[in-house]
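Protein chains in written order, with the working numbering: chain X, 1 to 330; chain R, 1 to 330. The structure appears right after this line, and notes come after that.
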DNA sequence: TAATATATGCTCAACGAGAGTATATATCAT
DNA sequence: ATGATATATACTCTCGTTGAGCATATATTA
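Following this line, the structure appears as C-alpha cells:
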C-alpha cells in the first residue's frame with residue numbers, strides 16, 4: 001500500500017463536506033541544495049515551514065507556474081522540478097475550517113544567499129530528520145531515543161500478534177535485528193514515528209495527550225514544522241534518494257566544475273550513507289556522465305584532483321531512464 | 001526534466017487568473033484489471049473517458065476518498081491504490097473557462113461485470129496505445145504509421161541540429177536504429193506523438209489545422225479520449241510498468257489461486273513484452289512470493305500446472321522495496 | 001500411439017556490484 | 001629536508017544476478 005495512505009498515519013476525522021467551489025489550492029516547495037557536503041532545504045517562518053503560496057492558474061502548466069513563482073520569490077534558478085504529491089487531508093490547526101489542497105514539488109538548485117520577504121533561510125535537512133544521517137554509521141540517537149520509544153509503542157499493542165507485527169515493522173524500517181538500513185524509506189519511517197506519537201506534530205492540538213507520551217516526545221530528536229510540512233519534506237527526501245540512483249539529477253546540485261570526490265560527497269549527503277570510492281568513480285566514468293575540463297583543483301588538501309563537468313548531452317543521448325549511481329555500503 | 005512538463009507538450013495559453021476560492025477539484029481514476037491475458041481499463045462515456053468525479057473533502061484522506069468513491073460507483077474492491085499526478089493545465093474544451101484541478105489515481109482490481117450509471121465498460125488499454133504492445137515483437141503499425149509521421153515531424157524542424165535532435169529523441173523513445181525498446185517510457189512516447197501532432201487530442205479545438213496534419217492524423221492508430229484522459233492513462237500505464245519490477249502489486253490483479261504461467265502472462269500483458277519463462281519462475285520462487293496450494297489446474301491444455309497463492313506475509317516481512325520481477329527480453 | 005502443448009528443472013556464460021589493495025602526488029608539521 | 005598524512009587514481013578479485021539455452025515430465029488430442 002502506498003505509504004501516504006497507511007491506515008493509522010493520522011487520526012480519523014470527518015471534515016465538513018465542501019462544495020467544489022469552496023476549495024483552495026496552494027503550492028508547497030521542497031527546495032534542495034547541497035552546500036559543503038550538507039543537504040539543505042529552504043525554509044521560512046523561523047525555519048518551521050516550507051515555502052508555499054497560493055496556486056494561480058496563470059501559467060501554462062502547474063510546473064511552470066511553480067517554477068515562475070519560486071524564481072520570483074527567491075531568485076533561485078531551478079535546475080530540476082518534479083511534482084511530489086498532492087495532500088488534501090491536512091489538519092488546518094487553528095484555521096476556520098477552510099480546506100486546502102496542497103500540491104507539493106521538489107526543486108533542485110544551488111544554494112544562494114537567501115532572498116525573499118518571508119525570512120527565507122537554508123537549513124540542513126538532517127536537523128529535521130537526524131535519524132536519516134547514516135554517513136558515519138547509525139546515529140547514536142537511534143538507540144538512545146528512537147528504539148525505546150518504538151519498543152514502548154510495540155508493547156502497547158492489543159494482542160501478541162499485533163505486538164509482533166509492530167516490532168517487525170519497526171525493525172524493518174529502522175534496520176534493527178538483522179535488517180539492513182534502507183535509505184529510501186524516509187517517509188515510511190516518519191509515518192511510523194508519527195503513528196507511534198513520537199513526533200510532536202502527531203499530538204498537536206490534542207489536549208488529551210498523556211503524560212507518558214509527553215515524556216517520550218521531549219526526547220524525540222528532530223526539529224518540528226508546521227502542519228504536515230515535515231511529512232512533505234520526508235516525501236521529497238525519499239523521492240530524491242530514489243531518483244539519484246537511476247537518473248543524473250545530482251548534477252543540478254553541483255557547481256559547473258567539480259572533483260569526483262565532491263560529487264561523491266554530494267551523493268553521500270543526499271543518500272545519508274557512504275559509498276565505496278573506487279566503485280563510485282568507476283560507475284561515473286564508464287557511463288560517461290562527466291568529462292574532464294583539463295584543470296585541476298588544489299584546495300582539496302592532498303594531490304590535486306581533476307576537475308570535471310557534467311556532460312549535458314547524455315540527457316539527449318540516453319533515454320531518461322538508463323543511468324545508475326551507486327549508493328551502497330562503504 | 002519531468003516528462004509531464006516537457007516544454008512543447010501543449011500549446012501555451014494564458015488562463016484567467018482565478019482566485020483561490022474559485023478552484024474546483026476532481027478525481028480521475030485509472031482502474032486496471034487483467035482479464036484472460038489482456039490489460040484493461042474501466043471507461044465511461046462511450047469508452048472515451050476515464051471515470052471521474054468531484055472531489056469531496058468528506059474523507060480522512062484523498063486516497064480513502066477515492067477508494068470509497070470508486071467502490072460506491074463501481075462496486076469494485078480496490079486492491080491497491082496509488083496517486084498518479086495532479087494536472088491543472090487542462091484544456092477545458094467548450095466549458096465556461098472554469099478551471100479544474102484533476103488529481104489522478106491508479107487502482108488495481110479484478111474485472112467484474114461493469115456496474116454504474118455512466119455506462120462503465122472495460123476496454124483493453126492497447127486499444128488506446130496500440131504501439132505499446134510488443135509481446136509479439138514491435139507491432140507493424142510502428143513502421144506503417146508512426147515512423148513516417150515522426151520522420152516528417154523531424155524534418156520539419158528549423159535547422160539541421162534541431163532535426164537531428166528530434167530524430168534522436170524519436171529513435172530513443174520508440175527503439176529505432178540500434179536503440180532498444182524501453183517499455184517504461186509510455187508517457188514520453190505519448191507526449192512526443194502529441195508534440196508531433198500525430199494524436200487527435202493535440203489539434204482538437206484548433207481550426208487552423210493544416211491539411212497535411214489531418215492526413216497524418218487519419219493514419220494515427222489508437223482510440224482517442226476526452227480532454228487529457230489519454231495522457232492520464234499513459235501516466236498510469238508507465239507507473240504500473242515501473243512498479244511491477246520491484247513491488248509485488250501484480251498479485252492484486254490475479255485471482256486467489258493461479259498457475260505460474262498465468263502470472264507470467266499477466267506480467268507480460270502489463271509490460272507489453274514477453275519474458276523468459278525459466279527465469280521468471282526462478283525469480284518468483286526464490287523470492288518466496290508464492291506458496292503452493294497443493295492443487296493443480298488441468299484446464300491449461302498440457303501437463304497440469306500447480307496452483308499457487310500469493311504469500312501476503314511478504315508485505316509485512318520485507319520492506320516495501322525489496323522485490324523484483326523480471327521484465328526482460330524473451 | 002504419435003504428436004503436441006504445457007509444466008518443471010538444470011546448466012552455463014557474461015556481466016555488474018561489492019570490496020580490497022596498491023600507487024601517485026600534493027600539503028603540513030617537525 | 002623529511003616523514004606523516006590526506007587525497008587522487010588505478011587495478012584486481014570474487015560473488016551473485018541475469019539472460020539464455022537445453023532437458024525432462026506429464027497431460028491432452030488427433
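Glycine included, C-beta positions come from ideal geometry on N, C-alpha and C.
- Beta-carbon to beta-carbon, residue 53 of chain X and residue 78 of chain X are separated by about 15 Å, too far to satisfy the 8 Å threshold.
- The continuous beta strand (DSSP E) containing residue 306 of chain R extends over residues 305-310.
- Taking 9 Å as the threshold, the shortest C-beta distance from residue 199 of chain R to chain X does not fall below it.
- Per DSSP, reduced to three states, the secondary structure at residue 157 of chain X is coil, with no helix or strand assignment.
- Residue range 80-87 is occupied by the beta strand (DSSP E) that includes residue 83 of chain R.
- Buried is the label assigned to residue 239 of chain X, since at least 16 other Cβ atoms lie within 10 Å of its Cβ.
- Residue 122 of chain X carries a strand assignment under DSSP once its states are collapsed to helix, strand and coil.
- Non-local beta-carbon contacts of residue 170 of chain X in its own chain, meaning distances under 7 Å to residues more than five positions away in sequence, involve 150, 154, 176, 192 in chain order.
- When Cβ pairs closer than 8 Å are counted between the two stretches, the segment 246-255 of chain R is seen to touch the segment 265-273 of chain R, the count reaching three or more.
- Against residue 168 of chain X, the close residues of chain R are 316, 317, in the order they occur along the chain (beta-carbon pairs closer than 9 Å).
- Residue 198 of chain X is classed as buried because its beta carbon has at least 16 other beta carbons within 10 Å across all chains shown.
- A Cβ-Cβ contact shorter than 9 Å links residue 125 of chain R with residue 237 of chain R.
- Put simply, of R:244, R:235, R:204 the residue whose alpha carbon is nearest the alpha carbon of residue 227 of chain R is R:204.
- With distances taken between CA atoms, residue 31 of chain X lies nearest to X:76 out of X:318, X:88, X:76, X:225.
- In the structure shown, residue 130 of chain R falls within a helical segment according to DSSP collapsed to helix, strand and coil.
- Cβ neighbours of residue 63 of chain R within its own chain (closer than 6 Å, five residues either side excluded): 81.
- Bounds of the beta strand (DSSP E) holding residue 54 of chain X are 52-54.
- In the three-state scheme derived from DSSP, where H, G and I count as helix and E and B as strand, residue 101 of chain X is classed as strand.
- Using a Cβ-Cβ cut-off of 8 Å, residue 165 of chain X is close to 316 of chain R, given in chain order.
- Beta-bridge annotation (DSSP): residue 107 of chain X is paired with X:31, X:81.
- Listed as beta-bridge partners of residue 49 of chain R by DSSP are R:44.
- Taking 9 Å as the upper bound on Cβ-Cβ separation, chain X lies near residues 62, 63, 64, 65, 67, 80, 81, 82, 83 of the segment 62-83 of chain R.
- Out of R:106, R:279, R:259, R:273, the CA that lies nearest to the CA of residue 303 of chain R is found in R:259.
- Take the alpha-carbon of residue 47 of chain X and the one of residue 290 of chain X: they are about 35 Å apart.
- At a cut-off of 9 Å between beta carbons, residue 101 of chain R contacts chain X.
- Looking at the DSSP output, residue 250 of chain R shares a beta bridge with no other residue.
- As DSSP reads the structure, residue 23 of chain X sits in a beta bridge with R:23.
- The alpha helix (DSSP H) runs of length 4 or more contained entirely in the segment 167-241 of chain R are, from start to end of the chain, 186-195, 200-203, 211-219.
- Its chain contains 265, 269 as the residues whose beta carbon lies nearer than 7 Å to that of residue 37 of chain R, once the 5 sequence neighbours on both sides are disregarded; these appear in chain order.
- Under the 9 Å criterion on CB atoms, residue 23 of chain X is classed as interfacial with respect to chain R.
- For residue 258 of chain X, the nearest beta carbon of chain R is not closer than 9 Å to its own beta carbon.
- Around the Cβ of residue 185 of chain X, a 10 Å sphere holds 16 or more other Cβ atoms; the residue is buried.
- Residue-level contact by beta carbon holds for residue 55 of chain X and chain R, with a gap shorter than 9 Å.
- Rounded to the nearest angstrom, the Cβ distance from residue 51 of chain X to residue 120 of chain X is 7 Å, consistent with a contact under 8 Å.
- With contacts defined by Cβ atoms closer than 9 Å, residue 29 of chain R and residue 106 of chain R form a contacting pair.
- Pairing residue 307 of chain X with residue 298 of chain X, the inter-Cα distance amounts to about 10 Å.
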